[in-house]
Amino acid sequence: MFKQESSSSKPTPESKEETPMCDVHEDEKINIYCVTHSVPTCSMCKVFGAHKDCEVAPITSIYQTKKTELSDGIAMMVGNNDRMQGIISQLEEACRAIEENGRRQKTLVCEKFDHLYSILEEKKREMSQKVTAEQEEKVNYIRGLTRKYGDHLEESCKIVEMGIQTMEEQEMAVFLVNTKDVLKKIAEASSTAHLDKVERGYENMDHYTVDFKKEGTALRSIDFLQDEEDEDEEDEDGEAGAEEGEGAQTVSGGGAVIATSVQPSAPQQLNSSPSAAKSAA
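Numbering-wise, my numbering comes out as the position in the sequence shown, counting from 1, plus 2.
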């Protein structure tokens, strides 16, 4: 095409076709074809030269035969190249599809894990609120009791001061009159029966202990769903593993099955009492 365009755009001087000459017989033109050795040669080589015992054919007939053979070979290669290009295009399309499917499946997996995170965060918030509520209740009770004991101590100190002042009284009659009232107040102040006592271990919060061994095992066993044959084998071994998670989603594409992970069961809610906490643990 370049030669044709060049020749059409710029005229070139006509060149005469020159017939190649024989290398052995320089004055002889190559005009026959040695079929035995598959080389073109001259008539003198056939009569007197190296090809006198070889099978020869007219160069024109061999030319047409080889030209047809070369044309068929080129056509076959062009067809093969087209098929190869089609395969390359299919492979490139498959690569793009794999990348797109991978991004979509990663998005689905992230959504499932985000949902699992939200469940755990909600459960953590609920359990923390229970601990906080009891903590505030106990702290408020202790602070109220502290105020009561403080008031009683302040009153006792005043009575002690009153008793000391009474002891300094020198007049016996006045001392006896004042002593009666002071002794009565001392007797009342000495009694703490009206004040609550804090039970032993009241400040302990260990009954909110949690044990996530079961949930941790379930989380560590999270994986993608397997094919039907593997699932059948698991069903024969036992259905205990399948009960640990629900809500799995399977997405099929290109003959392969890809699925998001199963969700473990929610942590157990614990009661505020120590016995209930131990049984739940």
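Positions of the beta carbon are idealized from the N, C-alpha and C atoms, including for glycine.
Counting only residues of its own chain and dropping the five nearest sequence neighbours on each side, A99 has no CB closer than 6 Å to any other CB.
Shown here for C56: same chain residues with a beta carbon closer than 8 Å to its own, the five before and five after excluded, namely C36, V37, T38, H39 and K48 in chain order. Annotation: L93 to Q87 spans about 10 Å, alpha carbon to alpha carbon. Residue pairing by DSSP places I34 opposite T43 and P60 in a beta bridge.
Rounded to the nearest angstrom, the gap between the Cα atoms of S193 and G165 is 17 Å. Contact between the region 176-187 and the region 196-206 is not established, with fewer than three Cβ pairs separated by less than 8 Å.
Below 8 Å, enough C-beta pairs join the region 139-148 and the region 194-203 to call them touching: three or more. Within the model, the alpha-carbon separation for L221 versus E139 is close to 35 Å.
Judged by beta-carbon spacing, I90 lies beyond the 8 Å limit of I61, meaning their Cβ atoms are not closer than that value. Between the C-alpha atoms of K132 and K160 there is a straight-line separation of about 43 Å.
According to the DSSP assignment, G218 belongs to the alpha helix (DSSP H) that extends over K215 to R222.
Going by DSSP, L178 is part of the alpha helix (DSSP H) stretching over M174 to S192. I188 and S130 have their C-alpha atoms roughly 47 Å apart. Assignment of beta-bridge partners to M23 by DSSP yields K31. Residue A191 holds the alpha-carbon nearest to the alpha-carbon of G152 among A191, T211, N82 and S73. Counting C-beta atoms within 10 angstroms of its own C-beta, K216 has fewer than 16 neighbours from the protein chains shown and is therefore classed as exposed. One Cα belongs to A77, the other to S223, and the distance between them is close to 58 Å. In the structure shown, V212 falls within a coil segment according to DSSP collapsed to helix, strand and coil. Looking at the backbone, the Cα of Q107 and that of M79 are separated by about 41 Å.
Each residue's CA atom was taken as its position, placing P42 and D84 some 34 Å apart. Between G81 and K69, the alpha-carbon positions lie close to 18 Å from each other. Classified as buried, V58 has 16 or more neighbouring CB atoms from the shown chains inside 10 Å of its CB. Here the alpha carbon of A195 sits roughly 55 Å from the alpha carbon of H117. S158 and V141 have their alpha carbons spaced roughly 25 Å apart. Taken through DSSP and simplified to helix, strand or coil, V80 comes out as helix.
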